[in-house]
Every structure is written in structure tokens, then in C-alpha cells.
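See below for the structure under consideration.
Chains as they are written, first to last, in the working numbering: chain A, 11 to 367; chain B, 11 to 367; chain C, 11 to 367; chain D, 11 to 367.
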């Protein structure tokens, strides 16, 4: 069977990781990546020996690339002529402009969370609504926080039924290496309700959700607390059982050394993952508590890499590579080596025995 | 009527502010403060001309004070001999040791949040259980987060009835000027449920509460999000109406410039308050949202100063100065100039008109 | 003698402090302050009861002020008609535009560091070149870092002669309450040489200076290290002796509790200074070291308040109130209560005895 | 020729990287690593499939490892019986205790910067005094800042002669993933002179050095500014020429995107280096400035990985694998792929043309 040919527009924080993730899929071919200047990411691509072909978008600084000797394989249009589908990780708003080119070239596309929902036919999440994406021309992926949040809520919802969710997003304000945005000694509020709660309701319309977002001066991942009301009472043992089965949720505990968001970053680096990235969200077993009929827990969102698996799920759906959620996500997980290591930190025994107030 | 004579043990972050607050009460006399070394706070006291008399606790470095020429008015026992009640803001655990001396001297005492509940007869909050403190020998005040949290929950509870609360504490990890504790580019988890939820249930046993606490690398105040279930549905208009009437809650909005925790710190400085301190908690009108029958909102806790009013309420209760919650807190508010400016930022009109998703 | 009438343009971080500083000068009258919107600073002015009259610049949002009931005393032109001199602390670039109005109104003006040097007749520093400012129409003050840096270099230069200075500025990136600028987990470089070294040479042309500036994610003051080559060798004892005599330099030591930049901020708050501000720079006695014939030391710059005294010196010079540097700065110091407390922390004895490698 | 057998004591931040670095040397064999508990690093080793054998030091928590199924290859003594040389990256002070075991086992050892100099025969730096380490039993490596600093000073010294150096260390206070140390919104002073200047003089006794260290709340690398006085004037062109030839110095510029310390961290991740680590120090071409006869420049120190090459140099010296500095460091560089990519960012042309005040 012919491999699906994939291009990436925008070789930034997300684009680099999409390229790496696609390159790991044995049933896909990464045709190339497109950008417009010798950014640090493009310089690193060159220093690595150009493992991916580089194409230039309109308005690119080709002189600057020439002077550095960085080889260019063609224009953005050249790239569009060689692919079945584009992953668009351009800066917010540029994707909508690129869509005109995708339509002209007759290629499918998946847009990142920064674009408006109207840019696409389906607002997509690999686990929550895979089937809606099948055969579609244009998908828009959920943003990093929403992607991780929905993993956990969808997990409980499929197992036990969820009616209501109230979330608090403790948001990292910048990525490592960012200087153009930042926050110094401040927690910054956004007006409620936060868009991630609204987005959750768009993807899972049977759930009532709201939430508050607070920006914090850190770079290694968001933390979200979730208060969930189930159709019936969900105990923490029930929740743990469901979470531990989910391939893209890594259940950890503070006692094991996962003291906060930076622990996941350290662990990913120590694992030798490229860039130290983790594809899984973290879920602290010792954060799960009950209050009356409600359940509360905290998750960690690795903002740079969390959307990669669901975006690749999107390729599988849009290109009708697999026709069910189970098959599509399983194939993505297989090639990204997700969920292949389970069990070391399963805190079942100690957690069941622990008193939780 | 004779003024109640008050001493302060431990002239640190809280002790300095307790001394200032007591000195403002026209029906109290600040007899003196006790400490053990020429800390920055004691040096500043000296540079200011010793507005408060300094007493030395056992084991104090009196040589160091002598060399600097800082005058000392006597020993801790001397101080105990001159007061009716001590405010103990010693480091955690020292208060319990001091209690032996208070018992021997026959003076009342109010301990800060760092001590165990068992040190006192009553775990006290000026608004939530004033009457329980009346005439008692030993009170322990709620910690900073719990003090502010209870103000808001008690406010809704008295107005409409509250059954359940789930809180997320986004905790500032250090005070300005701290070097001995800190956190750098990390969000640090604590095991759930957090003690503030448990403490809330101790003070308000008819409410079921739980919560998760995350430490963040900032110094200018905690932010807490609260999900509340009322006995009947509490709308955001109902909530706003109640919050705006509370003297120790300052309702603000992001549009007015209160962008986050540091805005309160800036505003307190610009107001010319001593040390830039605010006694009120902040409550963002544009954080209040409904989800089904639940209500969610966010508050700001100025950790250095928030407990001062409730501690002074405690003096009034323990010394039977006022016999009702209304009279006691009103007298404290009057002398601390709390709630005398109301109305400028009341965002009633704009907020009612704003769509909240 | 008639008091000099002073206005302030721009009631922001610097403008508020200029107004407070001028209001403390018994030979000056603060006529009013000008701004354009109900910022937090203006709201605080109102909540304090309008101690200063508020005037509105062109384009101000007078409706917003009206709705809040904040009284306005007139237009910017009205203000110019009542003053002898304006202190312009508008955002960078606005001062140059305002100058046209100052010229038309025939009033003198002092611009802040954000403007270009060409806006003024003299680039001014109260201690380094007071006499050059006498009788001038337009002065521009040195920026916060340069103001503090020159205090220390001029101090050594007048005592012993300085030939060369190489500085490293460890710059705070934002003020408390800022959200529009910030830096998260990063040290950011600026191209060398940094403008403060160039500015030093402009004010003190007999000195050769260079330097490197690094932005750091903190808010409570810059730290500058200075490597100085004297005309003859300056020992650390010689340096200490000169520094301790300077009214606007506060010599401290780490052992006394001044562990870093935030200690000064804490100390200023504990002193009860308005907004917790200090006018003095800090100088760590235990940072002074020799290397061959060179001397190295570190200073603390309280960025929000450090330029206030030198700006008031500028009023005295421009308005010919005092005709010598000694008299002008002494009068400013007197009314700002600078240097009235000296001696507590003079670390002469312990420092001389300490071995310094 | 038989490979040199190497063990690593302490599988922490440095130990992991030493193990990785040794494993890349084709003329060395990594026998195993020793630790005492299932830390995150040991868990990651297990999840990776135990690429290195794990040995347990005395007092290790072998039960905890057993329960997790993490295989153990023997005791610390077992490890010592199989190696020629140990790299000791135990916590500070533990290395001195381990030395007794090394002596008993008759193995050589290299201690990290946290130990006292007296623990070793030679205080070692691969480029500055390789020959002194040849055939020695015990070496102690310079700390991370000193290692990087000496690279740059030794580079200038060998090319042109250096007489004096005054350094300002803008120190990162914690590593990514640290919670036990940290600093929040503060710059913290250390008493001068800082030990790195003293250490430089120990290694390079013909140079007079001093310096001041300031801790800053960041995690991605130190920045050091250096003021150097040459035997003759060193111009910035001369300095650039020497720096660009050094394999372990990466000359970059702000315009190329290296805006600060975090840029190197991002670049290392984008390069796909294990853990995103860089072995080279960074040196900003646009930080190099002259002041009279002095030269000033700024370097970046990647604290987690910078000492790895010089430690491996130490193995080569101590085990007499290569008998000259040139051969020893060249072999280390070859196997670590250091200096194999040169030229992309050489900013010669633009920099020569740039005016530098």
C-alpha cells in the first residue's frame, strides 16, 4: 500500500515535532517542511545534515539561507504538489491564508489550535471524535491544554459517564527558549470562562463545562485541576483504574519523584526522548480526591508535544487510513512507542491503602 | 474603659503587621514586640526610631543588639507581665513552646496558622465563628489562604447556603525578601486534599470540601479558584451582590487594570498603605462563572497581611470586647480603615451586560 | 521667597514618585499631575482623596474618569500655565512631543531617561555635573541604572581619580505589577557595549567605560558589578571610606541580612517608606575586592525610585535655586530624609578583619 | 589495545551524562553505574531497558528497587573490582568518603567540583593543565563555571598572553527538575571573591583574578562576563579569531537567534542531542568589546554537561592513554562529536563591520 505523503508548514516548536512524529510512522512519508528564514530550528536542521527537505514559503528570506549554505528543495507550491496532506503549524492566522493554497492544490490539511474553528470541517480529537474526521478534507486540532484535558475527561466519560466539569488551568506562559513572551513574578488572570472549557463542550456536547485560566511564570508544562461530576459517583479507585488503562495517560505519584511539572520534563530528557519530549499527559494518583459525589484530580500537559499523537490520528482519519478510533489511535501509538512501557509506576497498591482525608 | 494591652511574639513578616494593626486600634495598647536578633525587621524598627518597645526572648543575641545600639526594654517575661493577651507569630512550633510561658503568666494568646490546632481552645475566624472565640483563653487563627477562602465561602453561605466546595490553590511560594525558600521554573504539587479544604470543614462543618494545591514561583499573593455548590443555585449576579457588600472583599475586574496577583500589590503600594499591604482579599468579577448549578470564582490572597484583621477580631472575642460577630468585626474594620472606600470599581453594570459564554 | 511651582506629566511608576518627592520639598509646590486614563495609579490617587490635582493630556479618556467620579482640574495646557517647570515622565518618545508645548508655554522641563539626549540642553546628574544644569531650560536625566552607577563612580572619582570602568548590569526586567513585559526562565543578552557605559562617558568624559547588560527575570532592583581602574590604586578600605560618606549610597553587608536585591525592597517596606521605596543605592561591603591595581564592587539599583533625588536636584539647578552641587544636593537630601540615618550598618571593623582571598 | 574500564558513582544530573559520554568513547568501556534508590534517573534507566548495569552503594534501598523489578548487577565493591577508574559524581562530600574504597580497591578516580581540592593529587582541566594529570591516581575536576571560564581564558592566554581577569558570574540557581533549591524573584549575592576566580588562579597561577557571583532564578545555564587584561592589547578581532578556532567554544550572535541562555538549551534540543545537552560553551560575538587596553566578553555555561569533555580528558590523562593535551582533547572531541560542525554561525564579516561604541 502506498504511503501517505505528508508535508509540514511552519518548522517551529510544533512543526519540528510533527515532522519527527510523522517520520516515525512507517505508513507515512514526510515529504518536507516549509519555513521562511534561518531560525534556530532551521539552523539545527542544517547542522543535523538536513534529515528533512526544506521548502520556502512566499516571502521567505532565501538570500539569508543561501549565504549560510542551507539547501532549499523548492517552493511551498512545489511541496503542495508532492503531498496528500499538510500539517499546518504556522503562526495563528496564517493557516487560514494557507488554506486557499491547499484548496487550489487539492490537498487535505490539519490546522493547529491557533486557527479559528471555522477554518476546518471538523474540530478534531483522536480519542473523543475520531470517526467525525474520517474522509474529511480539513480538520482543526484541539489546542494543547484541550487535547490533554479531553484525554482524561473522555477516558472517564467512556468508562462511567461524565455530566459536568469545572477546570482550573495553571498555564505555563512561555516555552523554553522564548523571549518574546514572558511573565515575571506574576500570576495573570484571563476572563472566565476559559476557551478550553468551551472547546471541551464543542467536542463533547453532552458535558457542561466551565473554567478559569491563570498564567504562571514557568515553561515546563501546564497543570490542570479538574472537578468532575459523573452520571453516577466515580470513586478514586474507579478513576485510577480507567486512567491507568489509557495509553496516552501516564499515572505517577509525588512519592515516586514526580514532584511537579518539571519532573516530567526531566524524566523525558533522562529517557533519551528526542528533545526530552513526552507524548503522554501526566496524572498524579495522589491528586485524586472525592468530595461528595464529585471527583477532583490534576494532570500535567507537556505543551510542546502533547498534540503530536492526536494530529497524527487526524492524518489517519482524514486519509481514511483506519476507520475506527481504536485502530487509528493504536497505529499512532505503535509507531510513536506510546504505552509500550506500563506498570513500573502503577501506584495501585500504595494508593488504595493511603488515606485521603 | 481601660485599653486592652497587647504584645507580639516574633517580629517577622506577620508580627510586624500585627504590631502595626494593633497600634491602629484606639481601644488597644501595643505594649511591645519580642524577638531574638538584629534581623532586617528589627534594624528597620531601630532606624524608624523604635516606635514599638523591643523585648528579648530567651536565647536572644543581646550582644549583637547592644553593639548596634538598639535599645531593649526587657525580657519576654517582662513583656508577659504587662499584657492581657499575646499575639504569637513565632516560627511554626515555637508557639506551642511559648504557650507554657503564657499559661504561667496567665495571659491569653492567639497563635498563627503554623501551629497545630491542638495548641488552642478554638480554631478561629472572625467572620465564620467569632462567637466561639468569646472569652476563650487560647485561639488559633486560620492560615492566610484559609482566612481569605473562608471570607468568600462564609459570605455566600450566610447569604444563600453552601453545601460543597472544591478549591484549587495557586500558591505563592515565598514572600518578597525570602531567600531560604523558593522555586525556579517549576510548579510543585502537594498531596491532595490540601489542608485548607480540611480546615474549612473544621470551621464550617456543614460544608463538604476538598482541594488541590500547587506552588508557583511568585511572591505577590495566592490565587484560589473555588467551585461552590449552593443549597439552591447561586447565580453570578447573586454572588456579586453578596461579595460587594462584604467589607473585607474587594471586587475588581481585569478591565479595570487588576490583571493578576501583582496588580493588588502595586495598587496597595500606590495607595500609600504601610508596606503597600492590603487587608482585603481581591475577587475578580470577571472570573465568576456558572456551570449547571455550580458557581466558580477566583480570589486573591495577600499572604502577608490578610490574617491581620481576623487576628484583631480574635483579640476582641477572646477579651470579650465585643460580644457579637457584627460588632467585633465592625470595630476592627473601623480602626483598620477597611471598607471605607466602596463603589469606585463596583463593576455591576458592565458585568451584568457582559456575555459569559 | 516664592516656591518653585512644579508639574508632573505622566502619573506612572516614575511620575507618582516624582510627585511624592516634590511634595516633600518645602521650597517647592506640586501644582498637579497629568495623565490620560483611569489607570490603577489614578484610581489609587482618587481612593486616597486626590492629594494631587489631576489634569488631562490631549486625547485623554475623560468619559471614563467622569463615570468613576474622579475629579479633573483642567487640561495639560491649564497645568502648563501654572508651573515654572515640568517633570516629564511620559512614555519614551512622548516627552519629545510634549517639548513643543513646553516651549510654547515657556516652561522649563526635565525629561526622563527614555527620551533621546537631543531633547535637552544638558544630560544631567545631580552629583556628577550639577553645575552644567544651572539655569538651563531643558535637562534630561540619566536612566535609573546610569544614575546609580554614576553615584558610585563619581564618588570614587572625586576622592581618588578614576580612569576606566567595565560594568556588568544584571538588569531586572519588569516592575512589580507589570504584565506587558517579562521574561520567564531566561537570561537575555543585549548587544555590547550597553548604553549605560556610553552614558557614563557622556557625563564623565575623562573616563573610559564599557559594559555588558543581561536581563534577568526579577522585579526588585538591578545589580551592577563595576571593575574600576583608578589613577592610583584604590584599595577596598579607601573605597569603603568614600562610599560610606556618600548620602545616597547605603553600605550594607550580606551578614547583616542584605542577601540580595529583594532585601532592599523588604527593608524599604519595613521602614515604612511610601511604597517601600528607597532613594539610596545599596553597596555591599563584602562585594568589594581588589585584583592587582583594579577594584571591583557590586551595587543595587532600586529602579522605581533611584532617579527621584537627582531629578529634584535638576529642578534646583535649572531654576537656579542653589548654585553649587553641594548646596543643591544637600537641600534635596534634607527634604527627602536621605542620609539622616548613618552608622548602624557601617561594617568597617568586621570587614577590615575579613580575609578576601 | 585493551579498552579502559570506567565506572560511575552517583547516577544523578552529572553521573548520567558522564555515563553517556564514556559510552561514546570507542577506546573505553562503561562497566556500570552506582546509585542507591529508584530516583527518576534510575527509573528512566529501567524504562530504557538498562543500557548500563546498575550497582548499589552501601545503604542503598534495594527493597524499593526489587519491588519495581529493576535489576541490580552487584555492589559498589563489585563494580570497583571490574574497573580501572571511577568517575565520582556523588553529592558533595561523599566523594571523599568513597576515596577510601577506591584506595582499597586500587582504582583511580576523578572527583567532581563539589569535593575539596585536597581529595585529589591534581586539580585538573583538560585544556589548561592536561599534562599535570598524566599518570596520576586522583584528579579533581573544576566545577562547571570554572571549566567553561578557563576554556575561554586559556584560549586567549595561549594565543596572546593574559595577565588579569575580573569575572561576574550570573549563576543559574537550579537545574530543570530541581525542587529542593530555588530562588523566586530575587538576585542573591555571594561574598566576594567568588571561588571560581580563586580556582582559576590555582589552575593558572600566572593570572591575577577576582570576581563576584550573583544567583539568578533561571535553570538553563550560567552567563559569565569576563574583563581580561592581556600582556599586550587583545583586540576583539584577535579574540574572535582565537575563540573560533577552539573546538569547545561555540561562537554565536544575538542576531542569529541566540538571544540568551535559553537559546542554547533550545538549540541543543532541536539538534537532537541526548537530553538536548551541549558540550560547548557559547560565546557571543556581539558581546566582545574593548575598553582601553582591556577586553570584555560574555560566555554561556551549560551547567549540566559542560564538564563531561574535560572529565573524559581526565580519564585519558590519568590512564596515560594520550600523553599530550592536543592528543588527549582531540580524542575526546572526536568521540563526542565536538567541533565537527564549524562555520555556519561564524559572524566574522558582519562583526568586523559593526561599530562597537
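Glycine is no exception: its CB is placed at the ideal position from the N, C-alpha and C atoms.
For residue 229 (chain D), a Cβ of chain B is located within less than 8 Å of the residue's own Cβ. In summary, the residues of the region 28 to 61 of chain B whose CB is separated from some CB of chain C by less than 7 Å are 49, 50, 51, 53, 54, 56, 57 and 58, in the order they occur in the chain. The continuous stretches of beta strand (DSSP E) do not include residue 248 (chain D), which lies in the alpha helix (DSSP H) extending over residues 246 to 255.
DSSP places residue 204 (chain D) outside any alpha helix (DSSP H), giving it a letter other than H or E.
DSSP links residue 121 (chain A) through a beta bridge to A:98 and A:150.
The three-state secondary structure of residue 74 (chain B), taken from DSSP, is helix. With contacts defined as CB atoms closer than 8 Å, residue 220 (chain A) and residue 300 (chain B) qualify as a contacting pair. Beta-bridge partners assigned by DSSP to residue 174 (chain B): B:218 and B:239. For residue 199 (chain A), the closest Cβ of chain B is nearer than 8 Å. Between residue 169 (chain A) and the set A:102, A:339, A:15 and A:138, the nearest pair of CA atoms involves A:138. The beta carbon of residue 270 (chain B) sits closer than 8 Å to some beta carbon of chain A. Following the DSSP letters along the chain, one finds residue 39 (chain A) inside the beta strand (DSSP E) bounded by residues 38 to 45. For the 8 Å CB-CB criterion, residue 15 (chain B) and residue 52 (chain B) do not form a contact. In terms of Cβ geometry, residue 232 (chain D) and residue 181 (chain D) form a close pair [threshold 8 Å].
Non-local C-beta neighbours of residue 278 (chain C) in its own chain, meaning closer than 7 Å and more than five positions away in sequence, comprise 286, 287 and 288, ordered along the chain.
A distance below 8 Å separates the beta carbons of residue 253 (chain B) and residue 259 (chain B). Residues of chain D with a Cβ closer than 8 Å to the Cβ of residue 193 (chain B) are, in chain order, 189, 192 and 194. When C-beta distances to chain C are compared with 7 Å, the residues of the region 273 to 291 of chain B below that value are 273, 275, 276, 277, 279, 280, 281, 282, 284, 285 and 286, in chain order. Cβ-Cβ separation between residue 234 (chain A) and residue 308 (chain A): approximately 7 Å, consistent with a contact (criterion under 8 Å). For residue 14 (chain D), no alpha helix (DSSP H) run applies; the uninterrupted beta strand (DSSP E) run containing it begins and ends at 14 to 19, by DSSP.
Here the region 335 to 351 of chain C makes contact with the region 31 to 40 of chain C; the two share three or more CB pairs at distances below 8 Å. Within chain D, the residues placing a beta-carbon under 7 Å from that of residue 183 (chain B) are 194, ordered along the chain. Below the 8 Å Cβ cutoff, chain D contributes 176, 237, 301, 304 and 306 as neighbours of residue 176 (chain C), in chain order. Think of a sphere of 7 Å around the beta carbon of residue 101 (chain D): no beta carbon from chain A falls inside it, the nearest being about 16 Å out. The three-state secondary structure of residue 60 (chain B), taken from DSSP, is coil.
When DSSP states are grouped into helix, strand and coil, residue 288 (chain B) belongs to the coil group.
Proximity of chain D to residue 219 (chain C) at the Cβ level (cut-off 9 Å) is accounted for by 301, in chain order. Among the residues facing chain D, residue 26 (chain A) is included, as its CB has a counterpart in that chain under 8 Å away. C-alpha of residue 249 (chain A) to C-alpha of residue 274 (chain A): approximately 21 Å in a straight line. DSSP links residue 133 (chain B) through a beta bridge to B:150.
Chain B has a Cβ within less than 8 Å of the Cβ of residue 186 (chain C). Contact annotation: in the region 246 to 268 of chain A, residues whose CB is within less than 7 Å of a CB in chain D are 267. DSSP assignment within the region 294 to 326 of chain B yields the following whole beta strand (DSSP E) runs of 3 residues or more, N-terminal first: 299 to 301 and 304 to 311.
The region 147 to 163 of chain B makes no contact with the region 153 to 166 of chain D: fewer than 3 CB pairs, one atom from each, lie closer than 8 Å. Ranking B:124, B:64, B:87 and B:175 by CA distance to the CA of residue 79 (chain B) puts B:64 first. In the structure shown, the three-state DSSP call for residue 180 (chain B) is strand.
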